[in-house]
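Visitor: Each residue of the sequence shown is one higher than the one before, starting from 95 at the first, in the numbering used here.
Beta carbons: idealized from backbone N, C-alpha and C, even for Gly.
Sending over a structure as structure tokens; questions will come in a sec.
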Amino acid sequence: EENLKSKPKSELKLEVGSKLPELKDYFNVLYDNDLNSQIKYFYNNKEVSLDAISKLKNNQRVLTKVSTYKVSISSGENTYSSVLKVVDTTIPNVELKNLTITEGDSYNIKNFVKSYSDNSGSTSYTISYKDKSQSNLKKPGTHTISIVICDQNKNCLNKTTKLTINQFVLKVLKQVTQN
Numbered sequence: 095e096e097n098l099k100s101k102p103k104s105e106l107k108l109e110v111g112s113k114l115p116e117l118k119d120y121f122n123v124l125y126d127n128d129l130n131s132q133i134k135y136f137y138n139n140k141e142v143s144l145d146a147i148s149k150l151k152n153n154q155r156v157l158t159k160v161s162t163y164k165v166s167i168s169s170g171e172n173t174y175s176s177v178l179k180v181v182d183t184t185i186p187n188v189e190l191k192n193l194t195i196t197e198g199d200s201y202n203i204k205n206f207v208k209s210y211s212d213n214s215g216s217t218s219y220t221i222s223y224k225d226k227s228q229s230n231l232k233k234p235g236t237h238t239i240s241i242v243i244c245d246q247n248k249n250c251l252n253k254t255t256k257l258t259i260n261q262f263v264l265k266v267l268k269q270v271t272q273n
């Protein structure tokens, strides 16, 4: 049985959605994944299961939770320590849509969002107008709206869309009266 001959990296930093690291990812030299080796993850000094930090996707485990974990690697009689830092530095995927309203109607910023997805798997986001005056436009016409969308880890992007305000037309119907 071959024991690990080098110390592991002090920290391994991976993007959320990345493959769960294998034994060899923690070391600067190549190792076959030794069946006798065991990797354990700890959060707040409590061991956490693989399901708590990752999920199966296309037959491989991917990291699902942005956090920092202490890692304990046991091989034979040796135990090594490292840190796994799962980060989210990727902006979300957002598709906006144009809105059309009638003069006098109100609109909500979330109505401009056609679709939203994030590598963290979270559907939570913040959305705001780049220019606050665009939150309450009244004048008929087509307006360009600049929106800032951020995922829960503060990765933000700016996008523009259109708001069309149609003029309100009062239609008077003639009432036909019969004698």
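State the start and end residues of the unbroken alpha helix (DSSP H) segment that holds residue 245.
Guide: Premise fails: residue 245 lies in the beta strand (DSSP E), 235-245, not in any alpha helix (DSSP H).
Visitor: Let me make sure I understand the geometry here. Which of 211, 103 and 190 has the alpha-carbon closest to that of residue 203?
Guide: Among 211, 103 and 190, the Cα nearest to that of residue 203 is on 190.
Visitor: Per the DSSP calculation, residue 141 is bridged to which residue(s)?
Guide: 136, per the DSSP bridge assignment.
Visitor: Within a Cβ cutoff of 7 angstroms, which residues of the same chain sit near residue 272, ignoring the five residues on either side of it in sequence?
Guide: Closer than 7 angstroms at Cβ, skipping near neighbours: no residue.
Visitor: Report all residues from its chain with a CB closer than 8 angstroms to the CB of residue 216; omit the five preceding and five following residues, and keep chain order.
Guide: Same-chain partners within the cutoff: 245 and 246.
Visitor: Identify the continuous beta strand (DSSP E) that holds residue 201 and give its terminal residues.
Guide: Neither: residue 201 is in no beta strand (DSSP E) and is coded neither H nor E.
Visitor: Only counting the same chain, and skipping five residues up and downstream in sequence, which positions put a Cβ closer than 8 angstroms to that of residue 175?
Guide: Around residue 175: 102, 164, 165, 166 and 167.
Visitor: Do three or more CB pairs link the region 247-256 to the region 142-152 at distances below 8 angstroms?
Guide: They do not touch, by the three-pair rule.
Visitor: Return the CA-CA distance between residue 262 and residue 230, expressed in angstroms with no decimal places.
Guide: Spanning the two alpha carbons is a distance of roughly 16 angstroms.
Visitor: For a test of the three-state rule: what should DSSP assign to residue 257, helix, strand or coil?
Guide: Strand.
Visitor: Helix, strand or coil: how does DSSP classify residue 228 here?
Guide: Three-state result, residue 228: helix.
Visitor: Is any non-hydrogen atom of the ligand HEM found closer than 7 angstroms to the C-beta of residue 113, if you look at the structure I gave you?
Guide: The ligand HEM is not among the ligands present in this structure, which contains no ligands whatsoever.
Visitor: Could you tell me whether the Cβ atoms of residue 110 and residue 177 are closer together than 8 angstroms?
Guide: It is not a contact, given that the beta carbons lie outside the stated cut-off.
Visitor: I think residue 186 touches residue 161, with their Cβ atoms under 8 angstroms apart; what is that distance to the nearest whole Å?
Guide: Incorrect: roughly 19 angstroms between the Cβ atoms, too far for contact.
Visitor: DSSP puts residue 110 in a beta bridge; with which residues?
Guide: Answer by DSSP bridge pairing: none, since residue 110 is not bridged.
Visitor: What separation, rounded to the nearest whole angstrom, lies between the Cα atoms of residue 208 and residue 238?
Guide: Each residue's Cα considered, the two are about 17 angstroms apart.
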